[in-house]
Every structure is written in C-alpha cells, then in structure tokens.
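Here the structure is laid out as structure tokens; the discussion comes afterwards.
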Amino acid sequence: SAVISQKPSRDICQRGTSLTIQCQVDSQVTMMFWYRQQPGQSLTLIATANQGSEATYESGFVIDKFPISRPNLTFSTLTVSNMSPEDSSIYLCSVGRPGGETQYFGPGTRLLVL
Amino acid sequence: QQPVQSPQAVILREGEDAVINCSSSKALYSVHWYRQKHGEAPVFLMILLKGGEQKGHEKISASFNEKKQQSSLYLTASQLSYSGTYFCGTKYGGATNKLIFGTGTLLAVQP
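Those protein sequences? They're chains A and B, same order as listed.
Residue numbering for the first sequence follows the working numbering, starting at 1 and increasing by one per position.
Residue numbering for the second sequence follows the working numbering, starting at 1001 and increasing by one per position.
Set out below in structure tokens:
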C-alpha cells in the first residue's frame, strides 16, 4: 500500500476564511480522490483530482467552493473556500495505483469551523 | 445512489459471529470493504470483483452476489480489534475509478 500524508492534520478556522489541505503520496499513483466525512456519517466523494487538468466534481460540489490542484502524480491540494460551520468535517484523500483496483486513504484532516 | 448497509449497528461478545450486508439499487462491478476505527482513516480489507467470488482475510471473509446486487461481510470468532465502523465501497462500472460508499455499520465487540 502507499504511504499517504495530509497536512494539516486538524485545524480550527473562522467562518468566511479558506483552508488548503495537502495530500502527499510516497510513490506515483494514477488516481487521487477527495472525500468528506461529516460527523457520524459515511464518506462522500467530492471530486477526482486529475493530473494536469481540472478536477471532476461530484453532484453537489463545485469548483468555486472546493478548488483542487494536482500538479504531479504524487501531490494534490483541496481548498475549502469561504467556510461556514457546515463545512466542519473530516477531509480525506485517497489514492490508487496504476492497474490496481484498490484505494488507500490518507489519515484525514479534521476541520472545525466556528 | 448510496448502497444501504444492514444492520446499522451490532454489539457482539468476543468469539461471536456477525454478518454485514451491503445492498445496491444498481448493478455492481466490484465491492470494496473497509473498516474505520474512531478517529482514524478507513483501512482496506478486501475487494470482490464481478464473478461472485468469495474472498477471505484471516477470520473475515466476504461474498458478492451479482444477481441480488449485494455483498456480505462475514466476521467469525470476533475479536476486540474488530470493533469499528465497516463501509462497503461500490463501483458501478469497470471504466470508472470512483467508489460510492455505503451507509456504514457500527460494530462493537465487548469482552
């Protein structure tokens, strides 16, 4: 499995501000995804981070609110913009290797918006 | 269409068995099972591909019934370490890479 790190691991932010979350993998992967997990809930896919092109967003998520970058095969960022308390969640990145079916998750970023 | 898991929660004594079901309203290509402990990231357990195969991992195994569009996870002789929330992640086609996660099942194993 891949070794995945996320920064920051947790943060407390004021409403109206933005936070950028980083996801770093120890080897090249083809697939990178961003998920949100609200307290006590399942994982909801936000978007697929595509290397060198715009991310593919799921229904209910838009680029203006969750801009994503993926400059290379080992790194991606997710920004949560103009935050409100409803954005308080765990944000997780997941990765998959070329030719593999399995996805592995990073440790997550715990965000609290006041 | 989020897959529905049942039961929502189950409490076991050490050594007891449990079955967790994952049902989809759409035809499945593959099912991926994960366990998430409180405050941690989901950990991959196993994958089942189209073909109805049953896979095993220690005392945890799973089956995939394409006709019924469902998968079941079997935990035998449960251990305290099995406690956590179990999620099935589903793929609805071979061309897509994204997983849609089920509603989750909270499993608590008591001494």
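Think of the CB as a built atom: it goes at the ideal place given N, C-alpha and C, for glycine as much as any other residue.
Exercise for the section: Determine the DSSP secondary structure at S87(A), reduced to helix, strand or coil. Expected result: Locating residue 87(A) in the first sequence gives position 87, counting from the first residue. Position check: residue 87(A) holds Asp in this sequence, whereas Ser was assumed. In the structure shown, D87(A) sits in a helix (DSSP, three-state: H, G or I).
Handout entry: chain A contacts from the stretch 1006-1034 of chain B (Cβ-Cβ distance under 9 angstroms)
Key = S1030, H1032, Y1034
Handout entry: Segment contact, 8 angstroms Cβ cut-off, at least three pairs: the stretch 1017-1033 of chain B with the stretch 1069-1089 of chain B
Key = yes
Handout entry: DSSP state of L164(A) mapped onto helix, strand, coil
Key = Here chain A covers residues 1 to 114 and nothing more, so residue 164(A) does not appear.
Practice task
Using the DSSP secondary-structure output, state which residues sit across from G96(A) in a beta bridge.
Solution key: Taking the first sequence and counting its residues from 1, the one referred to as residue 96(A) is at position 96. Answer is M31(A), bridged to G96(A).
Problem - With 16 other Cβ atoms within 10 Å as the buried cut-off, status of T17(A) - result: As a working mapping, residue 17(A) is identified with position 17 in the first sequence. Answer is exposed; the Cβ neighbour count stays below 16.
Practice task
Evaluate V62(A) with the Cβ neighbour count: other Cβ atoms within 10 Å of its Cβ, from every protein chain shown; 16 or more gives buried, anything less gives exposed.
Solution key: Within the first sequence, residue 62(A) is the residue found at index 62, counting from 1. Classification of V62(A): exposed, given that the 10 Å Cβ count is below 16.
Exercise for the section: Below 8 angstroms between beta carbons is the criterion; list the residues of the stretch 1097-1110 of chain B that meet it against any residue of chain A, in chain order. Expected result: N1097, K1098, L1099, I1100, F1101, G1102, T1103, G1104
Exercise for the section: Assign V80(A) to one of two classes, buried (16 or more other C-beta atoms within 10 Å of its C-beta) or exposed (fewer than that). Expected result: What you label residue 80(A) is simply residue 80 of the first sequence in a count that begins at 1. Per the 10 Å Cβ criterion, buried.
Problem - Partners in chain B for S27(A), counting only beta-carbon separations shorter than 8 angstroms - result: Locating residue 27(A) in the first sequence gives position 27, counting from the first residue. Residues of chain B passing the Cβ test: none, with the nearest at roughly 16 angstroms.
Practice task
Could you list the residues in the stretch 52-75 of chain A with a C-beta less than 7 angstroms from some C-beta on chain B, going in chain order?
Solution key: none
Exercise for the section: Inspect the CB distances between the stretch 1001-1010 of chain B and the stretch 57-74 of chain A and report whether three or more fall short of 8 angstroms. Expected result: no
Handout entry: beta strand (DSSP E) segment containing F1044(B), residue limits
Key = Position 44 of the second sequence, counting from 1, holds the residue named residue 1044(B). Note, F1044(B): beta strand (DSSP E), 1043-1049.
Practice task
Inspect the beta-carbon positions of S88(A) and L111(A) and report whether they are closer than 8 angstroms.
Solution key: The residue given as residue 88(A) occupies position 88 in the first sequence. The residue given as residue 111(A) occupies position 111 in the first sequence. It is a contact, given that the beta carbons lie within the stated cut-off.
Handout entry: Bridge-paired residues (DSSP) for K1026(B)
Key = Start at 1 with the first residue of the second sequence, and residue 1026(B) comes out as number 26. The partner list for K1026(B) (beta bridge, DSSP) is empty, contrary to what the question assumes.
Practice task
Compute the beta-carbon to beta-carbon distance between T1104(B) and Q1002(B), rounded to the nearest angstrom, for a pair I have assumed lies under 8 angstroms.
Solution key: Here residue 1104(B) is taken as the residue at index 104 of the second sequence, counted from 1. Here residue 1002(B) is taken as the residue at index 2 of the second sequence, counted from 1. With the sequence shown as reference, residue 1104(B) is identified as Gly, and Thr is not the correct amino acid for it. Not confirmed; about 10 angstroms, so no contact.
Exercise for the section: Using a Cβ cut-off of 8 angstroms, pull out every chain A residue sitting near F1087(B), in sequence order please. Expected result: Start at 1 with the first residue of the second sequence, and residue 1087(B) comes out as number 87. S42, L43, listed in chain order.
Practice task
Whole angstroms is fine: what's the gap from L1099(B)'s alpha carbon to Q103(A)'s?
Solution key: The residue you call residue 1099(B) lines up with position 99 of the second sequence. The residue you call residue 103(A) lines up with position 103 of the first sequence. Approximately 9 angstroms, taken between the alpha carbons.
Handout entry: Cα-Cα separation, T48(A) to G96(A)
Key = What you label residue 48(A) is simply residue 48 of the first sequence in a count that begins at 1. What you label residue 96(A) is simply residue 96 of the first sequence in a count that begins at 1. Using only the alpha carbons, I get a separation of about 11 angstroms.
Handout entry: Close beta carbons around S1072(B), own chain, < 6 angstroms, minus the five adjacent residues each side
Key = Position 72 of the second sequence holds residue 1072(B). Only V1019, N1021, S1063 meet the Cβ criterion.
Practice task
Would you grab the beta carbon distance between T74(A) and S27(A) for me? Rounded to a whole angstrom, and I think it's under 8 angstroms.
Solution key: As a working note, residue 74(A) is residue 74 in the first sequence. As a working note, residue 27(A) is residue 27 in the first sequence. With a Cβ gap of about 7 angstroms, T74(A) and S27(A) count as contacting.
Exercise for the section: Keeping to the same chain, check which residues put their C-beta closer than 6 angstroms to that of I68(A); ignore five residues upstream and five downstream. Expected result: Position 68 of the first sequence, counting from 1, holds the residue named residue 68(A). Only A47, A49, A55, L78 meet the Cβ criterion.
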